[in-house]
Amino acid sequence: MVWYQNRIELGAMPRGFHLITADILRGIDDLHQLQVGLLHLFIQHTSASLAVNENADPDVRGDLERHFNVMVPENAPHYQHTLEGPDDMPAHIKSVLLGSSLTLPVSEGRLLLGTWQGIYLCEHRDHASGRTIIATLQGE
Amino acid sequence: MVWYQNRIELGAMPRGFHLITADILRGIDDLHQLQVGLLHLFIQHTSASLAVNENADPDVRGDLERHFNVMVPENAPHYQHTLEGPDDMPAHIKSVLLGSSLTLPVSEGRLLLGTWQGIYLCEHRDHASGRTIIATLQGE
Amino acid sequence: MVWYQNRIELGAMPRGFHLITADILRGIDDLHQLQVGLLHLFIQHTSASLAVNENADPDVRGDLERHFNVMVPENAPHYQHTLEGPDDMPAHIKSVLLGSSLTLPVSEGRLLLGTWQGIYLCEHRDHASGRTIIATLQGE
Numbered sequence: 000m001v002w003y004q005n006r007i008e009l010g011a012m013p014r015g016f017h018l019i020t021a022d023i024l025r026g027i028d029d030l031h032q033l034q035v036g037l038l039h040l041f042i043q044h045t046s047a048s049l050a051v052n053e054n055a056d057p058d059v060r061g062d063l064e065r066h067f068n069v070m071v072p073e074n075a076p077h078y079q080h081t082l083e084g085p086d087d088m089p090a091h092i093k094s095v096l097l098g099s100s101l102t103l104p105v106s107e108g109r110l111l112l113g114t115w116q117g118i119y120l121c122e123h124r125d126h127a128s129g130r131t132i133i134a135t136l137q138g139e
Numbered sequence: 000m001v002w003y004q005n006r007i008e009l010g011a012m013p014r015g016f017h018l019i020t021a022d023i024l025r026g027i028d029d030l031h032q033l034q035v036g037l038l039h040l041f042i043q044h045t046s047a048s049l050a051v052n053e054n055a056d057p058d059v060r061g062d063l064e065r066h067f068n069v070m071v072p073e074n075a076p077h078y079q080h081t082l083e084g085p086d087d088m089p090a091h092i093k094s095v096l097l098g099s100s101l102t103l104p105v106s107e108g109r110l111l112l113g114t115w116q117g118i119y120l121c122e123h124r125d126h127a128s129g130r131t132i133i134a135t136l137q138g139e
Numbered sequence: 000m001v002w003y004q005n006r007i008e009l010g011a012m013p014r015g016f017h018l019i020t021a022d023i024l025r026g027i028d029d030l031h032q033l034q035v036g037l038l039h040l041f042i043q044h045t046s047a048s049l050a051v052n053e054n055a056d057p058d059v060r061g062d063l064e065r066h067f068n069v070m071v072p073e074n075a076p077h078y079q080h081t082l083e084g085p086d087d088m089p090a091h092i093k094s095v096l097l098g099s100s101l102t103l104p105v106s107e108g109r110l111l112l113g114t115w116q117g118i119y120l121c122e123h124r125d126h127a128s129g130r131t132i133i134a135t136l137q138g139e
């Protein structure tokens, strides 16, 4: 049984849904050593989130951004937390809807994602700086 | 410390929320050997998802399907990913809202679910074929 | 490799989003023994949920409650599961949107949360009694 934990620093990205599977794989050197295990990813922020979805057509990621903006609009009359800008409270709501962490199965040295699955960073702020993800890999 | 990992293949189900606790338990032989542990379930698809909710009244599952269809309608004017049918982009959105994986506590050889909790497969496509779930069980 | 599992009983809370980081830390004695690991939290109920978000301004938690009440209103005409009161079916829907469990990284004896992150209990019923959370801590 082994544990690896490290910090993956991602540069600033524009608001939207971004495919980061390659960035995550570059950030975890030890994946190939595991026959079976789990990779846990945790984003240390409250206005960005992680998700798994389609890794092919970028229109899916555009539609996700557009639809979340309809479900969680800016300037809703019931928002009281407004001092940090119109994109801030929607970012918190999107963050709890999508979630701050992912757990992914590992088999024979690789992530056991489906053919069409990729890892997303969901950036909900207009002008965020970089984001930090804690990767915890366990297995044997 | 032991690890078990296997693939659970579920047959095609109609669009909606389905209780699959029994299917999952049949798919993991080794649960009774663990005094303490965690079961991780991961669906290898981007248009179906996993959730935990009420295991009794089927109206709860019907209302979930009806309400997700209101929150994530077909044919919204902002969808650009439309080539795979009107149920496709809503399926991706529902998938990220509900999530692709579950982690459940294990104690004394059984899942430590609450009295009213069951495991759901949430099928978001109209005519899906079967779905694959990777079950990873760890503990001692 | 060590495993600890215990039951954390939280007293009744009013409907809304509540910061429970301190309650969780009080409930897991063994965190300081781990150099690296994961904490898994699982709520054994179908009308309350767990989330991670801002630990500072209470307006964020108020806005979350207000916004979830807009996305998931009471008395929607498509609800058929209505016998347990107008707050019941919305509670189930909010529960699957937010999720029943959290997995959090552990490093050098403490939770590796971001500066602004806290753990929320999201109580979706008007008159709930206490809630039970199963905490499973693993690591080395």
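Protein sequences appear in the order of chains A, B and C.
Numbering-wise (numbering that gives the first Met the number 0), the first sequence opens with residue 0 and increments by one.
Numbering-wise (numbering that gives the first Met the number 0), the second sequence opens with residue 0 and increments by one.
Numbering-wise (numbering that gives the first Met the number 0), the third sequence opens with residue 0 and increments by one.
The beta-carbon is built from N, C-alpha and C at its ideal position, and this holds for glycine as well.
This one's a predicted model, so the numbers in the text were calculated from it and none came from an experiment.
Query: Just the C-alpha distance for Glu-83 of chain A and Ile-118 of chain A, rounded to the nearest angstrom, thanks.; Result: 28 Å
Query: Please classify Asn-68 of chain B: does DSSP put it in a helix, a strand, or coil?; Result: helix
Query: Name, please, each residue of chain F whose Cβ falls closer than 7 Å to the Cβ of Ile-92 of chain C.; Result: Annotation note: the requested chain F is absent from the structure, which comprises protein chains A, B and C.
Query: What does the alpha-carbon distance come out to for the pair Leu-96 of chain C and Ala-127 of chain B?; Result: 23 Å
Query: With DSSP run on the structure shown, which of helix, strand or coil describes Arg-60 of chain C?; Result: helix
Query: Would you mind telling me which residues of chain C sit closer than 9 Å to Gly-84 of chain B, beta carbon to beta carbon, in chain order?; Result: The premise fails here: Gly-84 of chain B is roughly 23 Å from chain C at the closest Cβ pair, so nothing lies under 9 Å.
Query: With DSSP as the reference, label Leu-101 of chain C as helix, strand or coil.; Result: strand
Query: Does the count of Cβ pairs from the region 60-68 of chain A and the region 37-53 of chain C closer than 8 Å reach three?; Result: no
Query: Check whether the Cβ of Met-88 of chain B lies closer than 9 Å to any Cβ atom in chain A.; Result: yes
Query: Using the beta-carbon of each residue, which ones in chain C are nearer than 7 Å to Ser-99 of chain A?; Result: Val-51
Query: For chain C, check one thing: does any of its Cβ atoms lie closer than 9 Å to the Cβ of Ala-75 of chain A?; Result: yes
Query: Determine contact between the region 77-91 of chain A and the region 88-108 of chain B, defined as no fewer than three beta-carbon pairs at a distance below 8 Å.; Result: no
Query: Which stretch, first to last residue, makes up the beta strand (DSSP E) that contains Thr-135 of chain C?; Result: 130-138
Query: Just the C-alpha distance for Val-59 of chain B and Gly-98 of chain B, rounded to the nearest angstrom, thanks.; Result: 19 Å
Query: Mind pulling the chain C residues with CB within less than 7 Å of Tyr-194 of chain A?; Result: Because chain A here runs from 0 to 139, residue 194 of chain A falls outside it and cannot be looked at.
Query: For the alpha helix (DSSP H) containing Leu-24 of chain C, list its first residue and its last residue.; Result: 20-26
Query: Measure the CB-CB distance between Gln-32 of chain B and Ser-106 of chain B and report whether it falls below 9 Å.; Result: no
Query: Please name the residue, chosen from A:Ile-19, A:Leu-24, A:Phe-41, A:Pro-76, that lies closest to Ala-55 of chain A on a Cα-to-Cα basis.; Result: A:Ile-19
Query: In the structure shown, what three-state DSSP assignment does Ala-50 of chain B receive?; Result: strand
Query: At a CB-CB cut-off below 9 Å, which residues of chain A make contact with Leu-38 of chain C?; Result: In chain order: nothing, as chain A lies at least about 11 Å away.
Query: Helix, strand or coil for Gln-43 of chain C? Go by DSSP, reduced to three states.; Result: coil
Query: Tell me which residue opens and which closes the beta strand (DSSP E) that Glu-83 of chain A is part of.; Result: From DSSP, Glu-83 of chain A is part of no beta strand (DSSP E); its letter is neither H nor E.
Query: Met-70 of chain A versus chain B: which residues are under 7 Å apart at the beta carbon?; Result: Met-70
Query: Per DSSP, Trp-2 of chain B is paired with what?; Result: B:Gln-137
Query: What residues in its chain sit with their C-beta under 8 Å from that of Trp-2 of chain B, if we drop five residues either side in the sequence?; Result: Thr-135, Leu-136, Gln-137
Query: Beta carbon of Leu-40 of chain C, beta carbon of Ile-133 of chain C: below 9 Å?; Result: yes
Query: With 9 Å set as the bound, which would you pick, yes or no: does the beta-carbon of Val-35 of chain C sit closer than that to a beta-carbon of chain B?; Result: no
Query: Against Val-95 of chain C, what residues of chain B qualify as contacts under a CB-to-CB distance less than 7 Å, listed in chain order?; Result: Ala-50, Asn-52, Leu-63, Leu-97
Query: Applying a beta-carbon distance threshold of less than 7 Å, which residues of chain A neighbour Leu-18 of chain C?; Result: Under the 7 Å cutoff, chain A gives no residues; its nearest Cβ is about 12 Å from Leu-18 of chain C.
Query: If you measure between the beta carbons of Arg-130 of chain B and Leu-9 of chain B, is that distance less than 9 Å?; Result: yes
Query: For the beta strand (DSSP E) that Gly-117 of chain C lies in, which residues bound it at each end?; Result: 116-122
Query: Closer than 7 Å by beta-carbon distance: list the chain B residues that pair up with Met-0 of chain A, in chain order.; Result: Met-0
Query: Please classify Asn-52 of chain C as buried or exposed, where buried requires at least 16 other C-beta atoms within 10 Å of its C-beta.; Result: buried
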